[in-house]
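**Q**
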Amino acid sequence: MDPLIAKAMLRPYNLAHDEIVSLLALEDTAELFSAAYELKCRQVGKVVALRGLIELGNHCAKNCYYCGIRRGNPNVRRYRLSEDDALRMARWSFEQGYGSVVLQSGEIESDENTEYIGRIVKRIHDFGGDDFGITLCLGEQTEEVYRFWREAGAHRYLLRIESSVPELYAKLHPADHSYARRVECLRALKRLGYQTGSGVMCGLPGQTLDDLANDIEFYHDMDLDMIGMGPYLPHKDTPLGSDIEITPEYAANQLKLGLKMIAVTRLYLHDVNIAATTVLQALDDRGREQGLLAGANVMMPNVTDTEYRENYQLYENKPCLEENSTKCRNCLNWRVLAIGEKINWGQRGDSPHCKTFPDSNKGKKS
Ligand code: 5AD
Ligand code: SF4
Ligand code: FES
């Protein structure tokens with residue numbers, strides 16, 4: 280075995296910066312992926328945890344240069360789900376045995392939105408109880424807002440740092456988007472006792488392997504529980520993506536880099552939850568399965584009604600635009616079984632990194 284891979288398998292955080300870079304640079308990835316998969320199996324077994332993804336709405340106050348639903352894109356039909364529709368999708372996920380849901384939307388900071396989310400979270404917690412996971416992915420907010428949602432019953436939060444390298448972050452965002460605030464938001468989430476997740480895009484224009492190694496070290500420095508990352512995929516209606524052509528070579532390289540990031544993150548951190556994100560499937564029909572076999576252990580099937588899906592395209596070629604939630608459920612089940620894994624139906628699937636996590640919301644009911 281490659282001595283660096285063997286060293287990484289011994290214990291977490293056992294690689295120097297340059298060693299992380301060397302693993303990310305490997306051309307022959309078979310050994311890297313199988314070592315990461317073995318570590319994943321040691322941590323959580325041959326099981327995959329599911330989160331039903333509800334895309335609550337696509338209004339966004341931000342203007343990230345890479346994202347298809349950025350404020351400045353006039354070609355998006357904006358929507359927001361009614362509370363009852365969101366509840367119906369969450370209840371469906373619960374009844375189907377998805378152990379948790381993720382509520383995702385563009386970033387909106389307003390009292391009205393804070394209360395809308397708070398009511399949805401509380402109603403989900405009322406029927407799902409502590410054993411049904413509620414994850415939020417709603418961008419930067421004040422600590423009070425995060426606290427309000429936590430007390431309503433949410434216990435996990437995903438906020439991608441996008442790139443941990445401030446200079447690259449600054450190139451991907453307008454000047455009024457603050458890297459420092461994003462880091463501070465992650466700290467606030469940790470203080471409030473959320474299981475906290477972050478992640479980056481990889482294969483961004485101008486990004487180096489050195490930057491990506493920095494991202495993996497950032498995950499450790501921030502003591503994160505969950506990692507959600509994926510390759511960057513250009514969107515034609517965005518400043519960053521308008522000139523990039525998605526050739527088969529480009530897609531293959533982005534996929535390979537995304538899989539390597541999963542594997543090296545697993546080898547460095549060992550005990551976190553890592554998502555095989557949908558963008559992998561946009562690049563290859565078997566992309567998510569490949570993610571699982573490279574060390575990921577979570578999938579987030581979309582449970583939003585199909586009529587809304589085309590309006591929530593952060594990148595192009597988003598998969599499952601036409602397939603409804605029942606079809607995706609069956610499809611995923613077979614795909615997971617086909618690689619010799621199984622879904623841990625009905626379980627919350629907490630990150631092993633927070634084993635000692637005080638049982639989520641107990642005593643927090645308002
Ligand atoms: N390609 C890949 N991922 C993207 N995201 C946004 N735009 C793109 C894109 N063009 C990711 C960001 C964001 C998450 C919800 O989707 O990382 O945090
Ligand atoms: Fe809004 Fe998130 Fe897209 Fe940025 S990446 S424009 S914050 S939805
Ligand atoms: Fe949607 Fe396969 S996951 S059809």
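According to our numbering, the sequence shown holds residues 280 to 645 in order.
Just so it is clear, CB atoms sit at the ideal spot from N, CA and C, and this is done for glycine as well.
(1) Tell me whether Val444, by its Cβ, gets closer than 8 Å to a heavy atom of the ligand 5AD.
(2) From Met480, Gly619, Lys401 and Leu303, pick the residue whose C-alpha is nearest to that of Arg429; which is it?
(3) Tell me, to the nearest whole angstrom, how far the beta carbon of Asp504 is from that of Asn576; I am working on the premise that it is less than 8 Å.
(4) Find out if the Cβ-Cβ distance for the pair Asp629, Gln474 is shorter than 9 Å.
(5) Please confirm if the stretch 535-551 is in contact with the stretch 594-603, defined as three or more CB-CB distances below 8 Å between the two stretches.
(6) For the structure I just gave you, are there three or more beta carbon pairs, one from the stretch 564-574 and one from the stretch 476-487, closer than 8 Å?
(7) In its own chain, which residues sit with a C-beta less than 6 Å from the C-beta of Tyr458, not counting the 5 before and 5 after it?
(8) Can you tell me whether DSSP reads Tyr436 as helix, strand or coil?
(9) How about Cys464 and Pro510: are their beta carbons less than 9 Å apart?
(10) Name the DSSP bridge partner or partners of Ile553?
(11) So, is Met280 buried or exposed, given that buried needs 16 or more other C-beta atoms within 10 angstroms?
(12) Are Glu334 and Tyr529 touching if we call contact CB-CB under 9 Å?
(13) Should Lys319 go down as buried or exposed, given a rule of 16 or more other Cβ atoms within 10 Å for buried?
(14) Using the rule of at least 16 other Cβ atoms within 10 Å of the residue's Cβ for burial, across every protein chain shown, is Asp363 buried or exposed?
(15) Grab me the residues of Arg357's own chain with a C-beta within less than 7 Å of its C-beta, minus the 5 sequence neighbours each way, in chain order.
(16) Would you identify the three-state DSSP class for Ser477, choosing helix, strand or coil?
**A** In terms of the structure at hand:
(1) no
(2) Lys401
(3) With 8 Å as the limit, Asp504 and Asn576 do not qualify as a contact, their Cβ atoms being about 12 Å apart.
(4) yes
(5) no
(6) no
(7) Pro445 and Tyr448
(8) strand
(9) no
(10) Ile506
(11) exposed
(12) no
(13) buried
(14) exposed
(15) Asn337 and His338
(16) strand
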